[in-house]
Every structure is written in C-alpha cells, then in structure tokens.
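Enquirer: Per the numbering used here, the sequence shown starts with residue 152, numbered consecutively. All residues carry an ideal CB built from backbone N, CA and C; glycine is no exception. Since this is a predicted model, take the numbers as computed values, not measurements. Below is one structure. I have some questions about it.
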Amino acid sequence: MTGLGGPTPEKPSLANGFIDPNEIADLDVTVFVGHGHPDHFDPVIFSWEGIVKKIRYVFGWKAREGPRIVPMAGPRATKTIGRMEIFTVNSDHNQIPEVGYLVKVDGLAILHPGDYMGRPDRFLPDMDYLKKVAGRIDLEFVNLAGGQAQMEILKPRAAFPMHAFGREYIYGAAARGAKERGLRTRIVASENRGDNFLYKKGKIKAGR
C-alpha cells in the first residue's frame, strides 16, 4: 500500500512514522483534524475507537456528530478539555475551511497551523492573537509552503518543518536557510519518518 507520504511498511508503527493504535491504547488521546483534504484527514482514525478507549476527535468544522467529536468551527474557537486549552485561527484552503491549532498543555504552548495561510487582512491580526493567548510558543510545526513568515513573527523556541510528503531530506535546507536569516528559533530537521525528539526546558534533542 502506498500513501501520500510513500509506501506503508509491512508493520506500521510509531517508530517508522505510522500510527498503530495498539501502541497508544492505554493513553488519553486527542486527534486534531485541520481540514478535509486527504493528506490531513483519513477516516481510518475512527477505527481506532475500538482499541483506544480514551480518544476524542477535534475538528475545525462541523464534520460529523458523535460523543467523541469535538467541533471547533471558527472564527477563533476556544475549548478546554481537562488540563488542555485549545485555540484556533482560521482560513480557507482551496475553498475548504482550514484550522490552525494552538494547544496549551503541561506548561507548553504548541502550534500546529496545518495549511493555514490567512487572508492578507487577517494574517497579522491572527499572529497577534496567537502571541497573546500563548504568551510564548514553545514548539511550532512549520509548513514549508509559506509558513516561514509565521515562524519569523511568532519566534517559537523550537520548530519542526513539515509537509514534505516523504521528502524529509529537504528539511535540512530549511534549517540552514533560517539560520542564515538570523532566526534564533531552533529548527529541528527530521531525516526519516518516525524520528522522535525530546523537549525539556527550552532544549530539544533526538530521542531513541
């Protein structure tokens, strides 16, 4: 089987960049869906319910209803789930509602903007809003297709380039480019699907 990011391994696992629900069966899991394109939303996520007992699905639009569904239709929706605070910013991605998520949990502020680009008249106000509610962004996932401007404005402590569709080798160039522009954010360039990292007190290192 071949997906958007390349062939599926014989034994998919977190270690090779795929989700085996058996590996997360005992965790309290929140799945975030930014928009309806197949590279961001695969209905297979609903099959995890039979294995992962504590699971919920956060959607940035009214995708469907159900006891495990958490709708966060914008603009700028907010939600608190246990100790986790969620904030959104919104845009349209090829006329499909798109949501970027800022999640505050366990003392960290994590931004996953998805394919958010922002309309010209909303981009800077949205960046100001994210800075206000975050206080400081610890980790940001950066879409290589135009997300660098967000990173330069928000100045997260660390950032992960994303959206290379299996071409992780291009992340190193993104990291070098940010350094050449004088950006102080630590750019973490994964090399392979399944690479994992540990973040603690502003420092990040490769996991095992």
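Roughly how far, in whole angstroms, is the beta-carbon of Phe183 from the beta-carbon of Tyr252, given that I think they are within contact range, below 8 Å?
Expert: Between Tyr252 and Phe183 the Cβ distance is about 5 Å, and since that is below 8 Å, they are a contact.
Enquirer: Going by other Cβ atoms of all chains shown within 10 Å of its Cβ, with 16 needed for buried, is Glu249 buried or exposed?
Expert: The residue in question, Glu249, is buried, as its Cβ has 16 or more Cβ neighbours within 10 Å.
Enquirer: Considering Cα atoms alone, identify which of Ala260, Met313, Asn245, Ile247 is closest to Phe238.
Expert: The residue with the shortest Cα to Cα distance from Phe238 is Ala260.
Enquirer: Rank Asn347, Ile202, Arg215 by C-alpha distance to the C-alpha of His186 and give the top, closest one.
Expert: The shortest Cα separation from His186 among Asn347, Ile202, Arg215 belongs to Arg215.
Enquirer: Using CA coordinates, which residue listed in Asn245, Asp289, Arg318, Tyr208 is at the minimum distance from Val256?
Expert: Nearest C-alpha to Val256: Asp289.
Enquirer: Of the residues Ala300, Gly258, Thr336, which one's Cα is nearest the Cα of Asp277?
Expert: The candidate whose alpha carbon is nearest that of Asp277 is Ala300.
Enquirer: Please classify Met152: is it buried, with 16 or more other beta-carbons within 10 angstroms of its beta-carbon, or exposed?
Expert: Bear in mind that a pLDDT of 36 at Met152, under 50, signals an unreliable position, so the number given afterwards is only what the model happens to contain. Exposed, by the Cβ-count rule.
Enquirer: Can you grab the Cα-Cα spacing for the pair Glu377 / Lys351, in whole Å?
Expert: In this structure the chain extends from 152 to 359, so residue 377 is not present and cannot be described.
Enquirer: From the DSSP output, read off the bridge partner residues of Met313.
Expert: Met313 is bridged to Asn294.
Enquirer: Using alpha carbons as the reference points, say which of Asp190, Ala357, Gly333, Gly353 lies closest to Ser341.
Expert: Out of Asp190, Ala357, Gly333, Gly353, Ala357 has the C-alpha closest to the C-alpha of Ser341.
Enquirer: I'd like to check one pair, Gly353 with Ala309: are the Cβ atoms closer than 9 Å?
Expert: Closer than 9 Å, so yes.
Enquirer: Per DSSP, what kind of secondary structure is Tyr267 in: helix, strand or coil?
Expert: Note: Tyr267 maps to coil in three-state DSSP.
Enquirer: Around the Cβ of Tyr208, are there at least 16 other Cβ atoms within 10 angstroms (buried) or fewer (exposed)?
Expert: Classification of Tyr208: buried, given that the 10 Å Cβ count is 16 or more.
Enquirer: List the whole-angstrom C-beta distance separating Lys282 from Leu305, where the pair is believed to meet the contact cut-off of C-beta under 8 Å.
Expert: 6 Å between Cβ atoms; contact.
Enquirer: Following the continuous alpha helix (DSSP H) through Leu305, name the residue where it begins and the one where it ends.
Expert: First-last of the alpha helix (DSSP H) with Leu305: 299-305.
Enquirer: Distance check for Glu174 and Val254, CA to CA, integer angstroms please.
Expert: Cα to Cα, Val254 sits roughly 23 Å from Glu174.
Enquirer: My output table needs one value for Asn241: the three-state DSSP class, helix, strand or coil.
Expert: Strand.
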